[in-house]
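This report refers to the structure that appears directly beneath it.
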Amino acid sequence: TRPRRGFESMDADRMTRDLLPVVITNHGSDGHWDYQNSLNSQMDTSRGQGYTSPRRLSRYPAMIQKGRHYRIHYTRTNPRTSRFALPDDTDETGIVLTIQFTSPKVLEVSVQGQVIIQNRTTM
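Take any residue in the sequence shown, count from 1 to its spot, add 181: that is its number in my numbering.
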């Protein structure tokens, strides 16, 4: 299942590689970053071990407000592939999302399977 609101790693090691904490900040209307939340991945409930389980899905539920600017900073190496989700509704208001990358080689943004942005860099 996909996240209803938030984001997750789609890499092959998403059940074993630790990305946390992931820091999300909000860019306020006055031009300053005025909100910060350090996110941890959800606990593994499939085996009944909870937070002590060595396996957990790298999924980060986040409460966000549409019409705002957010920045995501990974404290570890960024996932190569991520999925982001907003709740489905008829309102077309979105968010501005800034993600800090350590060394992207290809950046591709898809919406419902269709590529809308593709940026290739030479490293």
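All residues carry an ideal CB built from backbone N, CA and C; glycine is no exception.
Keep in mind the model is a prediction, meaning the values are calculated, not measured.
Query: In chain order, what residues of the same chain lie with their CB nearer than 6 Å to the CB of Leu288, ignoring the 5 residues before and after it?; Result: Asn300
Query: Can you tell which of Arg236, Tyr251 and Asp199 has the C-alpha that lies nearest to the C-alpha of Phe265?; Result: Tyr251
Query: Taking the continuous beta strand (DSSP E) assigned at Thr279, which residues delimit it?; Result: Val277 to Ile280
Query: Taking the straight line between their C-alpha atoms, what separation do you get for Pro242 and Thr262?; Result: 17 Å
Query: If distances are taken between C-alpha atoms only, which option among Ile280, Ser222, Leu267 and Val277 comes closest to Arg236?; Result: Ser222
Query: CB-CB under 6 Å to Val203, same chain, minus the five flanking residues each way: which ones, in chain order?; Result: Leu220, Tyr241 and Tyr255
Query: Whole angstroms is fine: what's the gap from Asp194's alpha carbon to His213's?; Result: 35 Å
Query: Looking at the unbroken beta strand (DSSP E) that takes in Pro242, where does it start and where does it end?; Result: Arg240 to Pro242
Query: Taking the C-alpha atoms as reference points, what is the distance between Asp199 and Gly248?; Result: 30 Å
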